[in-house]
Amino acid sequence: MLSVKNIVKQYANHRALNNVSFDIQTGSIFGLLGPNGAGKTSLIRIINQITAPDEGIVLFDGEKLQPSHISSIGYLPEERGLYKKMEIGEQVIYLSRLKGLSQPEALNRAKYWFEKLDMQTWWKKKVEDLSKGMQQKVQFIASVIHEPRLIILDEPFSGFDPVNADVIKNEILELNKRGATIIFSTHRMESVEQLCDSIVLLHRSKKILEGKVKDIRNSFRDDTYKIQCRPNDEIPQENGIFEILKRSVHDDYTELTLKLEAGKTTNEALAFLLPKVEILSLTEVIPTIHEIFVQKVTGTD
Amino acid sequence: MNKILLIIQREYLSRVKKKSFIVMTFLVPMLFIGMYALIGYMLIKKDELGDVKHVLVVDESGRNNGKFKNTPALDFAYSDAPLAKARRDFEESDNDFLLHIPKDGKNVLLLSQRKPGINDISTIESQLNDINRNDQLLAAGIDTAILNANTNHLRLDTKQLTEEGEEDAGSWIAYGVGFASAFLIYLSLFIYGVQVMRGVIEEKTNRIIEVIISSVKPFQLMIGKIIGVGLVGLTQFFLWILLCVGIAAAAGSFLLGTKSSDKVITEQTASKLQQTEQAKQQVQQQLSDTEEIFQALNSIPVTYTLSTFLFYFLFGFLLYSSIFAAVGSAVDSETETQQFMLPITMPLIFTFIISINFVINNPDSQLSFWLSVIPFTSPIAMMIRIPFGVPLWELLLSMALLVAGFLLITWIAARIYRVGILMYGKKPSYKELAKWFMYKE
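Printed below as a string of structure tokens:
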């Protein structure tokens, strides 16, 4: 769908993007992650053709990005904004006509979306009379109304209450199911784990991590396990099978965090522990994207 | 192109639909007409509006006694008392002025309870001078009767030689039309230019800019906004002209309809009050004055003046508003625009002041020529010159240069604009703007 190849963007005295490359598969939900100032917005602006890269190229369906692609891309910027004094129905139609829809087409789809998100009664209202959450909904409609094949959402859930955040999330998933590719720029990691198929992590203008969410998490596994148990006996610290990283004692059980020594298996650890404790559960500790993010970002500082 | 049309449409409709636009459209002509009506009323009634002031004349020379003429504003009385006593009496009396003329007739002193008005002073002065001159002429053996007969006022009839023959030059009406159109251009460049700037700042602070320019090029948005606002200006002018023509036509038919009966009434009142022949003549004079105004107005080619006015408004506006747009893009709020306003306001104010003081009196001078061909100053300076007649080649040169200037300035402004609208939280300087200009696409 989209290939970003060796993009460099240089501003007067800092380099916003330094040789960044990645691919986005058609129909996927792609997470563009990074701390503030990593270069996410610069990259999104390049994909939206708001600015042009100094070096490198972006391919859309194998073609070099060009103005005719604008109508295939929908963009919800992080900084939301609408004309305050304009009626929102009129506003949505205006924005979708700028994306190339005809007047009747724009009107039909605007009506469809207003009904879908349960806001028909707002049609004649002005933006300044709406709450922030309502404005976000209007903005969301404006960014997807022309049925773009690529939707770029920059922090789409900020400003929504949990109920509306769920509504929007379901809409995003539905659009994705109907074939839209979605780029999702955020630093809210829990939503990334839920939604994204693959991610790229930018830090200080460079790509430092890329891949499928599952693969990345797996690659950060380090043979660490959590065991809930009721100890009957002392567990020796030095046992040649595992190392106890953490021990937390609760009312009716103890939780041990273990790291296996190289080449050992969980079965060996269990065999060693069985005589000494009553096992309640065993789970593998797989780092969350959030932990990987923090680890990667602080690790490279 | 289609998208520019959409933007123009939105910018135009959103402004024309505003209440303030409709209010302005009707209020401004009313204000102007009301203002002129008030001024006219005051000019006609000025003598009746003020109180009659009493002047006590203490004439030690004895040459002026009884020779002052009472006017509607001043009433003269004479006193033989010595100055010191007259002065004491004056302080207690309700006389407004005490005029003391010493024996030699020089060093005349006017004492007053309050600060005297300029009109009163000049009336007294001119009467004193008249009396003095009459005395001197009489002493030289000239009869005052001849003097009084010699008061006819001559008027110059001006004709301009053109290819079609003689034309009424109507210089003073050219003066008025030139001043009015230059003032209107000056004012509207500011009003509509600032509207463009506000629009740009609104889009930037609302952050809608990012959504819009992911659909259209910054240049399309800028030019669409400028043209949209320009059309609002043209609409407003058009409505104003329509309204004024309508009101003038109504007023004209009213005036012409009552004119003949007016004459009768004035004649009747004149005879009733047993006014002199002179007063009658004055009334006649006034009536022929209004006829003269209509004649002089006809000496101005309306279509020509109007079309050049529209041209200079449009291109002057395009030129200045693209600078306004660039300034709007560079700042985060309207309060920050101050530092960039100087290059816009300076040429405008400078031209306007030079124009109304110099160009209007010397429409064919070298300076006037240069001011009316340089793009930044030509919209105002040329409009001053147009009613006086401008050679065709000068007009074409000025128009061509204005269009060229507009293209150049818009190109520069667009390069600043495209970077500026996406910059937040930066305090821009001229150096910074130059840097933005140099950025490549």
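If you read the sequences in order, they're chains R and W. Under the working numbering, residues 1 to 301 are what the first sequence spells out, in order. Under the working numbering, residues 1001 to 1441 are what the second sequence spells out, in order. Just so it is clear, CB atoms sit at the ideal spot from N, CA and C, and this is done for glycine as well. Predicted model only: the values in this text are computed from it and were never measured.
Straight-line Cα distance separating residue j from residue i
i: residue 1221/W; j: residue 1215/W; result: 10 Å
i: residue 1195/W; j: residue 30/R; result: 42 Å
i: residue 1128/W; j: residue 1353/W; result: 38 Å
i: residue 223/R; j: residue 1218/W; result: 54 Å
i: residue 1240/W; j: residue 1375/W; result: 27 Å
i: residue 284/R; j: residue 254/R; result: 16 Å
i: residue 1189/W; j: residue 69/R; result: 39 Å
i: residue 1042/W; j: residue 1073/W; result: 14 Å
i: residue 40/R; j: residue 140/R; result: 20 Å
i: residue 287/R; j: residue 191/R; result: 15 Å
i: residue 1411/W; j: residue 1328/W; result: 16 Å
i: residue 1114/W; j: residue 1096/W; result: 8 Å
i: residue 1040/W; j: residue 1391/W; result: 36 Å
i: residue 1408/W; j: residue 1342/W; result: 20 Å
i: residue 1246/W; j: residue 1029/W; result: 11 Å
i: residue 1372/W; j: residue 1398/W; result: 6 Å
i: residue 1176/W; j: residue 1016/W; result: 30 Å
i: residue 157/R; j: residue 167/R; result: 10 Å
i: residue 206/R; j: residue 17/R; result: 6 Å
i: residue 126/R; j: residue 81/R; result: 13 Å
i: residue 1261/W; j: residue 1032/W; result: Bear in mind that the predicted position of residue 1261/W carries a pLDDT of just 48, short of 50, making it unreliable; the figure below should be weighed with that in mind. Each residue's alpha carbon lies about 28 Å from the other.
i: residue 1251/W; j: residue 1037/W; result: 12 Å
i: residue 38/R; j: residue 153/R; result: 17 Å
i: residue 1423/W; j: residue 67/R; result: 23 Å
Backbone secondary structure at residue i - three-state DSSP
i: residue 1122/W; result: helix
i: residue 1248/W; result: helix
i: residue 79/R; result: coil
i: residue 52/R; result: coil
i: residue 1100/W; result: strand
i: residue 1305/W; result: helix
i: residue 1036/W; result: helix
i: residue 1351/W; result: helix
i: residue 1130/W; result: helix
i: residue 1261/W; result: Per-residue confidence for residue 1261/W stands at a pLDDT of 48, beneath the threshold of 50, marking its modelled position as unreliable; the derived number appears in the next sentence. If DSSP states are grouped into helix, strand and coil, residue 1261/W belongs with the helices.
i: residue 296/R; result: helix
i: residue 302/R; result: Summary: the structure shown does not reach residue 302/R, with chain R confined to residues 1 through 301, and so no result is reported for it.
i: residue 18/R; result: strand
i: residue 283/R; result: strand
i: residue 225/R; result: strand
i: residue 1082/W; result: coil
i: residue 186/R; result: strand
i: residue 126/R; result: strand
i: residue 23/R; result: strand
i: residue 1015/W; result: helix
i: residue 247/R; result: strand
i: residue 1391/W; result: coil
Under 8 Å from the C-beta of residue i: neighbouring residues of chain R
i: residue 1207/W; result: 77, 79, 80 and 81
i: residue 1006/W; result: 94, 97 and 98
i: residue 1003/W; result: 98
Contact with chain R by residue i, beta-carbon distance below 8 Å
i: residue 1231/W; result: no
i: residue 1334/W; result: no
i: residue 1394/W; result: no
i: residue 1427/W; result: no
i: residue 1045/W; result: no
Amino acids of chain W, ordered along the chain, whose beta-carbon sits closer than 9 Å to that of residue i
i: residue 214/R; result: Under the 9 Å cutoff, chain W gives no residues; its nearest Cβ is about 32 Å from residue 214/R.
i: residue 86/R; result: 1010 and 1014
i: residue 46/R; result: In chain order: nothing, as chain W lies at least about 11 Å away.
Within chain W, partners of residue i - CB distance below 8 Å
i: residue 50/R; result: 1210, 1213, 1214 and 1422
Beta carbon proximity, residue i to chain W, threshold 8 Å
i: residue 169/R; result: no
i: residue 291/R; result: no
i: residue 70/R; result: yes
Proximal residues of chain R, C-beta to C-beta of residue i below 9 Å
i: residue 1435/W; result: 12
Minimum Cβ-Cβ distance from residue i to chain A less than 8 Å
i: residue 1312/W; result: In the structure shown, chain A cannot be found, because the protein chains are R and W.
Please identify, using Cβ separations under 7 Å, the residues of the stretch 94-110 of chain R that lie next to chain W, in order along the chain.
From the stretch 94-110 of chain R, only 94, 95, 97, 98 and 99 have a Cβ closer than 7 Å to chain W.
Which of the residues in the stretch 1010-1025 of chain W, read from start to end, lie with their CB under 8 Å from any CB of chain R?
Cβ contacts with chain R come from 1010 and 1014.
Anything in the stretch 135-148 of chain R with a Cβ closer than 8 Å to a Cβ of chain W? List those residues in chain order, please.
Within the stretch 135-148 of chain R, the qualifying residues are 139, 142 and 143.
Contacting positions in the stretch 1218-1252 of chain W - beta carbon closer than 7 Å to chain R
Correct list: empty, as no residue qualifies.
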